[in-house]
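As you go down the protein sequences, you meet chains A and B in turn.
For what it's worth, this note's numbering labels the leading residue of the first sequence as -6, then goes sequentially.
For what it's worth, this note's numbering labels the leading residue of the second sequence as 11, then goes sequentially.
Idealized CB from N, CA, C, for every residue including glycine.
Fair warning: this is a prediction, and the values are worked out from it, not measured in the lab.
Inspection log for the structure reproduced underneath, given as structure tokens.
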Amino acid sequence: MTVTVPRTRPRAARRAATGPPGRRPRRGHGISYAFLLPAGALYAVFILYPLAESVFLSLTSWDGAQPEKEFVGLANFERMLGDELFWRSLGHNVVWVVLGTAATMAVAMLLAMLVWSRPRGFTAFRTLYFMPQVLPAVIVGIVWSWIYNPAFGILNRALEAVGLESWARGWLGDPDLALYAVLAAAVWAQIGLAFVIFTAALQNVDTDLIDAARVDGANAWQRFRNVVVPQLANAITLVTVLLLTHGFQAFDHVWIMTKGGPDDSTQLIATYTYQKAFMENEVGYGATLSLVLTVISLIVSVAVVRVRERERISL
Amino acid sequence: MGLTVQGARYLLLILFAVLFLMPFVWIWFSALKSTAEINADPFGVPGELMWGNLAEAWTTGRFGTYIGNSVLYAVFVVPLVTAFSCLAGYALGARRPPGERLIFGAFLLGIMVPFQSIMIPQYYLIRDLDLLGTYWGVIVPSVALGLAFGVFLMRAFFRGLPQEIGNAARIDGAGEWRVFTRIMLPLARPGLITLVVLQFMFTWNMFLIPLLYGQDENLRPISTGIMFFIGEYSVDRSMIASGVTLASIPIIAVYLVLQRHFIQGMTAGALK
């Protein structure tokens, strides 16, 4: 892209003065490109180039140190298809995404319905529910590691207090439970976002229809299921898609709480990629794994765009 | 219905409020206890308030340095992302030069793919540019990463402005720079505030970028700093609690003051 900064003022003024302003102003595009330059240059070098380079790296056996990147064709992809840990990680991601999305939506929807009529204290409740969302994942991870701590954590103490000592355990150390324990922390942290989106969308729900349904004898659940939910369809789709994207990219909470362990029982695609690329220096194979995330994210995003094009949600 | 329904509703709302707040209150209390007291009675109200823990965490625990680094990153990253995003968003949203759709599509791609999709080649790029182990090694990729969302958001705002206002100023002889800074930018203020607030939050909370590019002890922001601290002193619980308190108080303070902007920003960001 060449950038020239011509003196365009007279021409621009003439155009603006003579014709009605078109949808696409045609004057002084050199200046437009100059405005784009700082963002465009940084973005091209540090985002677009690495994105393309990762495709190339996935076709090599590079270890990050060799001067030559040896081209190995699709060998990494073949290896991935036979890599048991890759499939396990992907399976964990699917559990994470399905359970995490369902749990987050259910709680967020319940809370949004409870504050629909804007009861006294609405702002305070909203502030509290949204708070975990603004905190660093590290803090959420540490707080929850404490909750799960077998020696002094709240969870075991609470179980003992209600006579369920036998349930107490090292939650993050148990390969059968660790994934769900970390997921619970992640869900806790993301309920706030789904909640505020639902709260905003509920303001646009037509309450006349609900009154009409009540007159027709629909009970509370029927009114929710058949009158409210259809009107929230867009918000529900949006939240689903957001949670799906976040779910497939999940990294921070897992890394802080378990680093993928014990016995790889909390290994997700993102943590497995990080481990391969940066701890075991299998850069080529790591890039191959990262492409899986890229493809999944693109598919989910294209789905969003489709949905968004169908109808815009107004706030 | 009346009273019982109202009562049940408030009971649930308060229950969840406690569920979201309790863990933090617990850690904040723990920050004011000795480790022995935490182990003996994890949930008790602190007997003697040990404010010294916070001071000790600030100096001995190096949390002062970490928070200083977090502030430094925010001071560089937030204004740079905001400025570049406004410029590019204005060009794409209001001026719309040939190729606008293609360029915008490229920025959109950056929102769609996760950081993990680019981190491996980006790491080696930063290394080859000799930026590893420097402040710029953390700042530059953070700015680039922030641009995808920033340009996207600002383009949407500039697109929604009536272009006739700019044209009127041009007829009156205002230069292009003047039209941008004096007329269009002030009109896009709501978008700009949203971007500043969200970018501050992203920068304060960033984890993978400093984990990769700021491994040097002196470069760590609070997020990775506290993680490494725990790796080394996992038994010093009152120090960990103090670190968590020091790390969470600034962002919570900003959140409480600018609460509406956070919530509107996150909702708008999700809906745009």
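- Close partners of B:THR277 in chain A (Cβ separation under 7 Å): VAL189, ILE190, ALA193, LEU308.
- By the 16-neighbour rule on beta-carbons within 10 angstroms, B:LEU90 is buried.
- In summary, the residues of the region 134 to 153 of chain A whose CB is separated from some CB of chain B by less than 8 Å are ILE135, VAL136, TRP137, TRP139, ILE140, ALA144, PHE145, GLY146, ILE147, ARG150, in the order they occur in the chain.
- Residues of chain B whose Cβ lies closer than 8 Å to the Cβ of A:GLN242 are, in chain order, PRO124, PHE125, GLN126.
- By alpha-carbon distance to B:ILE130, the top candidate from A:GLY277, A:SER290, A:LEU291 is A:GLY277.
- Here A:GLN126 is buried, its C-beta having at least 16 other C-beta atoms within 10 Å.
- If you ignore the 5 residues before and after B:GLY103, its C-beta comes within less than 6 Å of the C-beta of ARG165, PHE168, ARG169, all in its own chain and listed in chain order.
- Every unbroken stretch of the alpha helix (DSSP H) spanning 4 or more residues and falling wholly within the region 179 to 246 of chain A is given here in chain order: 200 to 208, 213 to 216, 226 to 242.
- Bounds of the alpha helix (DSSP H) holding B:THR92 are 73 to 100.
- Sixteen is the threshold: since fewer than 16 other Cβ atoms of the shown chains lie within 10 Å of the Cβ of A:PRO168, the residue is exposed.
- Your pair B:THR255 and B:ILE48 does not check out as a contact, with CB atoms roughly 13 Å apart and the cut at 8 Å.
- For A:SER82, the enclosing alpha helix (DSSP H) covers residues 77 to 107.
- Sequence-ordered contacts of the region 205 to 229 of chain B with chain A read MET211, TRP214, ASN215, MET216, PHE217, LEU218, LEU221, LEU222 [C-beta pairs closer than 9 Å].
- Bridge partners of A:PHE64 according to DSSP: A:THR53.
- Close to chain B, meaning a Cβ-Cβ distance shorter than 7 Å, is no residue of the region 78 to 98 of chain A at all.
- Restricting attention to A:THR200, A:ALA263, A:VAL221, A:ALA177, the CA atom closest to the CA of A:THR97 is found in A:ALA177.
- If you check the CB distance, B:LEU97 and A:PHE28 come in under 8 Å.
- One thing to note: B:MET249 has its Cβ within 8 Å of the Cβ of B:GLY71.
- B:TYR243 has a beta carbon lying at 8 Å or more from every beta carbon in chain A.
- Residues of chain A whose Cβ lies closer than 9 Å to the Cβ of B:PRO33 are, in chain order, PRO125, VAL133, VAL136, TRP137, TRP139, ILE140, ILE147, TRP181.
- Annotated three-state conformation of A:GLY156 is coil, per DSSP.
- Approximately 5 Å separates the beta-carbon atoms of A:LEU225 and A:ALA194; this is inside 8 Å, confirming the contact.
- Sequence-distant partners of A:GLU275 (beyond 5 residues in either direction) whose C-beta falls short of 8 Å from its own C-beta, in its chain, are ASP56, LYS269.
- A:GLY21 has a beta carbon lying within less than 8 Å of a beta carbon in chain B.
- Listed in chain order, the positions of the region 165 to 194 of chain B with a beta carbon within less than 7 Å of a beta carbon of chain A are GLN173, GLU174, ASN177, ARG180, ILE181, GLY185, GLU186.
- The DSSP assignment places complete alpha helix (DSSP H) segments of no fewer than 4 residues inside the region 164 to 231 of chain B at 174 to 181, 199 to 215, 218 to 223, in order along the chain.
- Put simply, the CB of A:PHE28 is near chain B, with a gap under 8 Å to one of its CB atoms.
- DSSP places A:ALA144 outside both helix and strand once states are collapsed to three, so it counts as coil.
- Beta-carbon to beta-carbon, A:ALA101 and A:ILE184 are separated by about 5 Å, close enough to satisfy the 8 Å threshold.
- By the rule that beta-carbons nearer than 8 Å mark a contact, A:THR230 does not touch chain B.
- At a cut-off of 8 Å, the C-beta of A:GLY57 has a neighbouring C-beta in chain B.
- Within chain B, the residues ILE130 have their CB atoms less than 7 Å from the CB of A:VAL276, given in chain order.
- Nearest Cα to A:ALA95 within the set A:TRP139, A:TRP160, A:TRP109, A:THR230: A:THR230.
- Sequence-distant partners of B:VAL150 (beyond 5 residues in either direction) whose C-beta falls short of 8 Å from its own C-beta, in its chain, are ILE136, LEU141.
- Under the rule that a run must span 3 or more residues, no beta strand (DSSP E) segment is found entirely inside the region 17 to 68 of chain B.
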